[in-house]
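Quick mapping for you: the protein sequence lines, in order, are chains A and B.
Residues 17 to 585 (our numbering) are what the first sequence spells out, left to right.
Residues 18 to 467 (our numbering) are what the second sequence spells out, left to right.
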Amino acid sequence: MIALLKPDLITVNIDGKEIAVPKGTNAIEAARLVGVDVPYYCYHPKLSVVGNCRMCLIEIGLPAVDPATKTPIMDPATGKQKINWIPRPQIGCATNASPGLHIRTNTAQIKDCREGVMEFLLVNHPLDCPICDQAGECKLQEQSTGYGRGYSRYIEQKNVKPKRTQLGPRVMLDDERCILCSRCIRFCKEVVKDDVLGFIDRGSYSTLTCFPGKALENNYSLNTVDICPVGALTSTDFRFKMRVWFLKQTNSIDTESSVGANTVVWSREGVIYRITPRQNDGVNDTWMADTGRDLFKAVRAPNRLTAAKLDGLDTSLEIALNTAGAILKAAGRTVALVGSGRSSVEEHSLARKLAETLGASTHMVSRSGEGDRMLISGDRNPNVRGALVVGLIKKLPTAKLTALGGAIDAGAVTVVVSLGEDLHAAGLTTAQLAKVKIIYLGTHADATTGAAQVVVPTLTVFEKSGTLVNQQFRLQKFAKCVPGPAGATDDLAVLAKLVVTAGGTATLGDLPGVWTSLATTVAGLAAISYATLPDTGLLLDSTPFASLPFCEGETFHYQPAATTAPTKV
Amino acid sequence: MPAPQQRRIIFKHIDAPGYTNDLACYVRHGGYEILKKAVTLPAATIIDEVKKSGLRGRGGAGFPCGVKWGLVDRKSGKPIYLVVNADESEPGTFKDRYIIHQDPHQLLEGIMIASFANNVKQAYIYIRGEFPHGARILEQAIAEARAANFVGPNILGTSYSCEIFVHRGAGAYICGEETGLIESLEGKRPYPRIKPPYFPAVLGLYQCPTIVNNVETLCHVKHILEMGGETYAKIGTPNNTGTRLLCVSGHVKRPGYYEFAVGEITLGELLNEVCGGPLPGRTFKAVIPGGSSAKILKFGETFTLKNKDGSSRTLTVEEIPMDFDTLAACGTMGGSGGVIVMDDSVNMVEALANINALYAHESCGQCTPCREGSLWMKKITARMVHQQARSEDGALLKSVADQIAGRTICAFGEACSWPTQSFVAKFGDEFKGYAETQKEPKRADALELV
């Protein structure tokens, strides 16, 4: 007898293995839990179920019950309740778990079903694999190996369809490869609410296309490339650039806003080729914005800083840091530190230490824009909350550094340390910049580097490891994907050195060292370390900051708390 | 003159001299009297009568109409829709169009009775795009009936209101599939819906409970109410009650549309007596009894069927009574009543190539087996008739068809694979030997011709 374990859990039997799953779990997901693979193409956990690929056909049955007495009918052979199997195979994606549901995936009929669907999908599929970008991560390849017959019986002409249709600025369609699973159509309609894709013609001649006068140009269009199970949709940026099996995958975080979408960075031999989303159901589901996929291009930008500079001339790191230390020591208590909402938690922590050593005032610039109600929030910094958590700042950053400008004008500040912020863009005038000495730690040249006495090149988010705190106060980690350029130094090492040269106590300038310190000095981070932080992040206590008027706006999985929502006047 | 074996109820006035399709003529012949009676009855009584009548749907599946009405979700609080399936697309079937053309008010009366019984406030007639004249006739008839208060607000002085709308399809076979039809009616591509969860009785048109009935089925409702469910059930044979329309096409002397009590006429009587037998000098070879998707019957084959008492009987093709259950027991179906007759002049490979071309053209393309399989089968048979037949093609065709049937979203999978399965099973030799019959030299470009 199958008993109910909990009111919301029901027991199902999959290929003889029993498992308790929440009611309504579909057969594919239930099977996954017991390690049984039910192959599929059109099904996607985050999209509606259409059941059109027919790859997930399974046999289902329910325990037999006498219709008159409602008592179970037992099978004398096994001593268990008899199972009434439905002769016709059913699709797993639309079969929801009900009490006592039995599923068979290993029968001759199901093997034949899968071989049939595989054969059908391949009869009009071009043999593009040697030149197809999807090769290596193609569901057709994987499942024809796993579930196909391995030979072709097809001698007729294959259908001919358009090979290069530009659906939008970033997405290219090869209609011959398309298996008409409709995932991309459903994604645009259901997730982005930008209903631009559809099929035209019918039968095997069906063709994916944009509606007349429309283009697939929303900022989430590249997700269709990610969820395309075959090579029909390819990224115009990535296509024909690199074989995916050569690429190394590194977990990272999208730094374009405080949403902190989880990502995978794909690189080979120190070069990044693409960024794709990584599933985190609490943050970004399986999606990310197109703009976030372009961020790696900054790594090799022409204005990248690759040498330390003293008064505009190249110098060694040591001389630059010693000079900076001397400037800071000489300044007494007239130093201001401009942190950045883009720095990691660890960098914020060392920046605070530096500021405390110098008795410096701390400032930060807010960057904000329109939230898109999806995965780009109003706050375009990935880690303002990290600065709050480690205590670098006490209140929210301002759009312009007006207070700092006033202090400079009043002569109260004579040295400014900028952690990658362009002070000019942040509202300081050329005259104000000329009045102070500037120590700049950053990755790219801008107006401030030209005015700075000391410039120390540091690393981008792709070249170092660390953590960020997103809008949910979720601590998330990113890892080093590629080495930094020669001449650039890890931010933590630079900050640690500055603390010492500025007269502070020696501090460890590496990730484990900073975390040892963080765990003891910041109450909210006790018992956490970079190494043990889960890949999906960890929610920190946000209550100390509940009264701050954050500006994210509505996004996936995050609604601004009622107390912090801007009130209409 | 109707053949003497016929029992005309639905077609009582069809082709009758002087009978026109306007309201006045219909009323002169007793029209809308049953609706007047219906609105005085409790709705449940009408549904009961339909249940008692044993009426089975005439669209193709033969699903009991009363049961279908009984499945409708009446507690959801959502409106209930009636959708009339007038997308008569099955090759070989041409019965509904004659009802629509010659006796549209009979259909409207049936619709209004069914609507009243099921508390339907809006009914849609989904008529196939190739019937523009039929659509105009229906619109005219609805206008007349509305003016006479048989349709529209507060019909016949009661508090019951119901509007009927005519919706023209754009010409696709798949729109005859009830969920595909609903999608099309909603303005979308007619992709049939997955069941579960989208059973029309619960989540139909606009996600509301919906009844989808064939034109002929709804006409029967009127006559059931007229004579009473039990009396109606006495027509025909048990479980195969009432009369049904049969459309005979192909190689007989008198093709046409006929109406018989279900099961009271055998296939042999139909073809030889009613339809006058084969054309001069020819003999019957095969017959498709229920529209092109039904499995073909080969003259000369016999069927051993079990009787209820355990004994068995053997039937020749000519002895098969034209009822739902016997045809199903013989491995085919009554379907939509389209009887397609082929004589000895027909080459079965070429006939199948014709049928396969239709199904490949009409597959909606939503689900894999039917989309790819139907075109593959078409390409095989087309290649065969274009001088490139191989002896193994028959077995390949069967294998492809076997990979479609029972594995698709809708019944189109069966519709497109049953012809191939049955043609190859019954005329396998013809498929195997077809290559040898091809006298012309093989053409190098034959594949491109396909």
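C-beta atoms are modelled at their ideal positions from N, C-alpha and C, and glycine is treated no differently.
- Taking the Cα positions, B/LYS325 is about 51 Å away from A/HIS141.
- Residues of the same chain with a CB within less than 6 Å of the CB of A/VAL381, apart from the 5 flanking positions on each side, are PRO413, GLU437, ALA442 in chain order.
- With a cutoff of 7 Å on beta-carbon distance, A/LEU232 and A/ASP306 are scored as not near each other.
- Rounded to whole angstroms, the gap between the alpha carbons of B/SER434 and B/ASP419 is 7 Å.
- For A/LEU408, there is no enclosing beta strand (DSSP E), as DSSP gives it neither H nor E.
- In the three-state DSSP reduction, A/ALA36 falls in the strand class (E or B).
- Around the beta carbon of B/LYS239, 16 or more other beta carbons lie within 10 angstroms, which makes this residue buried.
- Scanning chain B for C-beta atoms nearer than 7 Å to the C-beta of A/GLY67 yields ILE211, ILE426, reported in chain order.
- Under the rule that a run must span 4 or more residues, the alpha helix (DSSP H) segments found entirely inside the segment 350 to 388 of chain A read 361 to 374.
- Shown here, B/LYS54 sits in a helix according to DSSP, grouped into three states.
- Neighbours of B/HIS403 across chain A, judged by C-beta separation under 8 Å, do not exist; the nearest C-beta is about 11 Å away.
- Contact note: A/LEU78 does not reach chain B at a C-beta cutoff of 8 Å; the least C-beta distance is about 13 Å.
- If you check the CB distance, A/ARG284 and A/LEU311 do not come in under 7 Å.
- In this structure, B/VAL229 sits near B/VAL100, with a CB-CB distance shorter than 7 Å.
- Contact between the segment 482 to 498 of chain A and the segment 270 to 282 of chain A is established, with three or more Cβ pairs separated by less than 8 Å.
- Of all alpha-carbon atoms in B/GLN455, B/GLY285, B/MET359, B/THR283, the one lying nearest the alpha-carbon of B/GLN405 is that of B/GLN455.
- The straight-line gap separating the alpha-carbon atoms of A/VAL176 and A/CYS58 is approximately 22 Å.
- Considering only beta carbons, the part of the segment 178 to 207 of chain A lying closer than 8 Å to chain B consists of ILE195, LEU196, in chain order.
- Taking the CA atoms as reference points, B/GLY83 sits about 44 Å from A/CYS226.
- Going by C-alpha positions, A/ASN300 is about 27 Å away from A/ALA542.
- The secondary-structure analysis by DSSP pairs B/LYS315 across a beta bridge with B/ALA303.
- Listed along chain B is no residue with a C-beta nearer than 8 Å to that of A/GLU45; the closest approach is about 17 Å.
- Annotation: the segment 75 to 148 of chain B contains the following complete segments of the alpha helix (DSSP H) (minimum length 4 residues), in chain order: 82 to 87, 113 to 119, 121 to 134.
- Among the residues of chain A, those whose CB is under 7 Å from the CB of B/LEU392 are GLY219, SER220, following chain order.
- Here the C-alpha atom of B/PHE148 lies approximately 11 Å from the C-alpha atom of B/HIS184.
- Against chain A, the CB of B/CYS384 has a partner CB under 7 Å away; the residue lies at that interface.
- For B/ARG388, a Cβ of chain A is located within less than 7 Å of the residue's own Cβ.
- In this chain, the beta strand (DSSP E) harbouring B/MET359 covers 355 to 360.
- At a beta-carbon threshold of 9 Å, the residues of chain A lying near B/GLN420 are ASP128, CYS129, GLU131, GLY132, VAL133, GLU135, PHE136, ordered along the chain.
- The Cβ of A/GLU172 sits closer than 7 Å to at least one Cβ of chain B.
- B/PRO436 sits in a helix when the DSSP states are folded into three classes.
- Not a single C-beta of chain B is nearer than 7 Å to the C-beta of A/VAL361.
- A/ALA248 does not reach chain B, its nearest Cβ partner there being about 15 Å away, counting only Cβ pairs nearer than 9 Å.
- Separation of A/LEU417 and A/LEU444 (C-alpha to C-alpha, rounded to the nearest whole angstrom) is 7 Å.
- Between A/LEU556 and A/LEU491, the C-beta gap is smaller than 7 Å, which places the two residues in contact.
- Listed in chain order, the non-local C-beta contacts of B/GLY146 below 7 Å within the same chain comprise ARG185, GLY186, ALA187, GLY188, local neighbours out to five positions each way being set aside.
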